[in-house]
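Student:
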Amino acid sequence: MAVYNFAAGPAMLPKEVMLLAQQEFSDYKGCGSGIMELSHRGKLFAPVRDRAESNVRELMNISDDYEVLFIQGGASLQFCMLAMNLLNGGSADYALTGVWSDKAAKEAKNFGTAHIVASSKETKYDHIPCFCEWDLDPKAAYLHITSNNTVAGSEYFDFPTPPEGVPLIVDMSSDIMSRVIDVNKFGMIYAGAQKNLGPAGVALVVIRKDLLSRTKDCVPTMLKYSTYAENKSMFNTPPTFAIYILALVTDWLKAKGGIAAIEKVNIAKAAKLYNYLDQTDFYFTPVAKENRSRMNVVFRTPNADMDAKFVAEATAAGLTELKGHRLVGGCRASIYNAMPEEGVDALIAFMKEFERVNG
Ligand SMILES: *Cc1c(COP(=O)(O)O)cnc(C)c1O
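For the sequence shown, position 45 matches number 137 in the numbering used here, and the numbering has no gaps at all.
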């Protein structure tokens with residue numbers, strides 16, 4: 093039975109990537125040692141790290157004004173690392189559009205002021221507040237947003253323009269490389285790898301070089317962005333497996349035609365699923381139509397018992413990990429880059445049949 097895995101993260105990886113990694117795990121390119129047994133500074137691994145960076149630069153069209161860094165600790169470490177490096181006693185603007193942006197703002201409070209410019213918390217993060225209502229501080233150290241709200245199922249389709257001189261910082265953990273963006277609009281972009289880029293264990297950080305000098309000397313060496321920038325992310329032993337798989341996933345994405353090509357597929361997959369959700373009264377999605385995420389499609393059946401039945405029967409049919417986040421319940425289909433269109437077709441067919449039997 094074909095299994096389609098709708099997990100929110102760690103999430104599906106392309107089959108081709110896993111098969112190649114399986115081969116290279118025990119014997120990397122005929123050298124007699126597995127990829128995980130090689131020195132991170134050696135002749136065989138160093139090109140893997142370099143390729144991960146050059147693939148990211150090529151795919152996202154990143155200029156020399158930016159550093160591309162690989163840092164352990166996931167996106168959650170970036171919540172505090174960002175504030176440690178760029179806030180340091182000042183005030184930064186945060187838009188609260190989901191649980192992750194809330195967590196990011198909480199971490200910032202340890203290092204200064206997190207000024208909330210907008211929030212949809214009162215309505216369970218069911219929309220992105222209109223930029224026209226944002227209370228932006230012209231003196232903010234930065235403006236922080238979460239481009240895709242993995243738990244609530246909403247996504248920004250355009251980005252706010254911060255006041256002159258205020259860098260825009262984005263947590264793109266769950267929609268990085270799913271769509272074309274203009275990197276030059278951002279001071280920093282960060283993403284945990286385990287949704288769209290590879291396995292857990294590394295975060296990708298793309299940071300404008302001029303921001304590196306804002307960090308105070310007292311910040312610990314391992315938590316300074318400049319340490320990673322000055323040492324090709326190899327001040328210490330980097331997470332070699334995560335970087336290796338990220339290199340393979342980005343190879344795969346390039347072979348697929350790059351981000352513009354995968355964006356078309358992502359638009360088509362999400363449209364199919366939302367069109368179906370809009371046609372039925374059995375399923376319901378709480379997210380404002382104009383903010384519906386293309387990556388995490390959140391929906392419910394008429395009640396919580398039915399949600400549980402749906403998830404159990406879907407799992408038995410090979411459609412796995414459809415349970416909503418523990419904080420919000422319901423159901424969630426995460427359809428990142430690696431989810432083929434056939435997976436979405438199979439899900440819709442299952443949903444139709446489930447509605448026919450239980451509706
Ligand atoms: C998953 C996720 C995180 C947390 O990532 P970790 O790597 O587990 O720390 C942060 N932000 C967003 C938007 C996410 O989807």
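Note that CB positions come from ideal geometry on N, CA and C, so glycine has one too. These numbers were taken from a predicted model, which means no experiment stands behind them.
Is the beta carbon of N383 within less than 7 Å of some heavy atom of ligand 1?
Tutor: Flag unset: Cβ of N383 not near ligand 1.
Student: Please work out which residues of its chain come closer than 7 Å, Cβ to Cβ, to R143, disregarding the five sequence neighbours upstream and downstream, and give them in chain order.
Tutor: If we look at R143 and ignore the five residues flanking it on each side, its Cβ neighbours are A339.
Student: Where do the N-terminal and C-terminal ends of the beta strand (DSSP E) with S183 fall, by residue?
Tutor: From DSSP, the beta strand (DSSP E) with S183 extends over 183 to 188.
Student: Identify whether C423 lies in helix, strand or coil by the three-state DSSP scheme.
Tutor: Strand.
Student: With 16 other CB atoms within 10 Å as the buried threshold, where does Q66 fall?
Tutor: Because residue 66 is not part of the residues shown, which for the chain are 93 to 451, the question remains open.
Student: Leaving out five residues before and five after L161 in sequence, what residues of the same chain have Cβ atoms less than 6 Å from its Cβ?
Tutor: Excluding positions up to five away in sequence, the list reads V297, Y320, S325.
Student: Quick check on DSSP: helix, strand or coil for R271?
Tutor: R271: coil per DSSP, three-state reduction.
Student: Based on Cα-Cα distance, which residue from V341, L130, A360 lies nearest to L111?
Tutor: Comparing Cα positions, the closest option is V341.
Student: In the segment 397 to 450, which residue ranges form an unbroken alpha helix (DSSP H) of at least 4 residues, counting only runs that do not cross its ends?
Tutor: Counting whole runs of 4 or more residues, the segment 397 to 450 contains the alpha helix (DSSP H) stretches 433 to 450.
Student: Can you say whether F446 is buried or exposed, counting buried as having 16 or more other CB atoms within 10 angstroms of its CB?
Tutor: Under this definition F446 is a buried residue.
Student: Note down, in chain order, each residue of its chain lying with its Cβ closer than 7 Å to the Cβ of G422, except the 5 sequence neighbours on either side.
Tutor: So the list reads V390, F391, R392, D399, G416, once near-sequence residues are dropped.
Student: Nearest by alpha-carbon distance to S318: which of I163, A206, N358, K401 is it?
Tutor: Taking only the C-alpha atoms, the option nearest S318 is I163.
Student: My output table needs one value for M280: the three-state DSSP class, helix, strand or coil.
Tutor: It is a strand residue.
Student: Just to confirm, are I462 and R141 a CB contact at a threshold of 8 Å?
Tutor: Past the boundaries of the shown model lies residue 462; the chain is included only from 93 to 451, so the question cannot be answered.
Student: Going by DSSP, which residues form a beta bridge with S246?
Tutor: Answer by DSSP bridge pairing, in chain order: N241, R384.
Student: So, under 8 Å CB-CB, N240 and S211 are touching, yes? Tell me the CB distance rounded to an integer number of Å.
Tutor: That belief does not hold up - the Cβ atoms of N240 and S211 are roughly 17 Å apart, past 8 Å.
Student: Can you tell me which of the three DSSP states R392 falls into?
Tutor: In this structure, R392 counts as strand in the three-state DSSP scheme.
Student: For S211, does the three-state DSSP call read helix, strand or coil?
Tutor: Strand.
Student: For ligand 1, I want to know if K287 counts as a neighbour, meaning its beta carbon is within less than 7 Å of at least one of the ligand's heavy atoms.
Tutor: Indeed, a heavy atom of ligand 1 lies less than 7 Å from the Cβ.
Student: Would you check whether ligand 1 has a heavy atom nearer than 7 Å to the C-beta of T189?
Tutor: Result no, Cβ not under 7 Å from ligand 1.
Student: Taking a contact to mean a Cβ-Cβ separation below 8 Å, would you say I299 touches Y158 in this structure?
Tutor: In contact: I299 and Y158 (Cβ atoms closer than 8 Å).
Student: Quick one: measure Cβ to Cβ for H73 and A175, integer angstroms, because I've assumed they're closer than 8 Å.
Tutor: Past the edges of the chain, shown from 93 to 451, lies residue 73, and the structure says nothing about it.
Student: Does S155 pass the burial test, meaning 16 or more other C-beta atoms within 10 Å, or should it be called exposed?
Tutor: That one is exposed.
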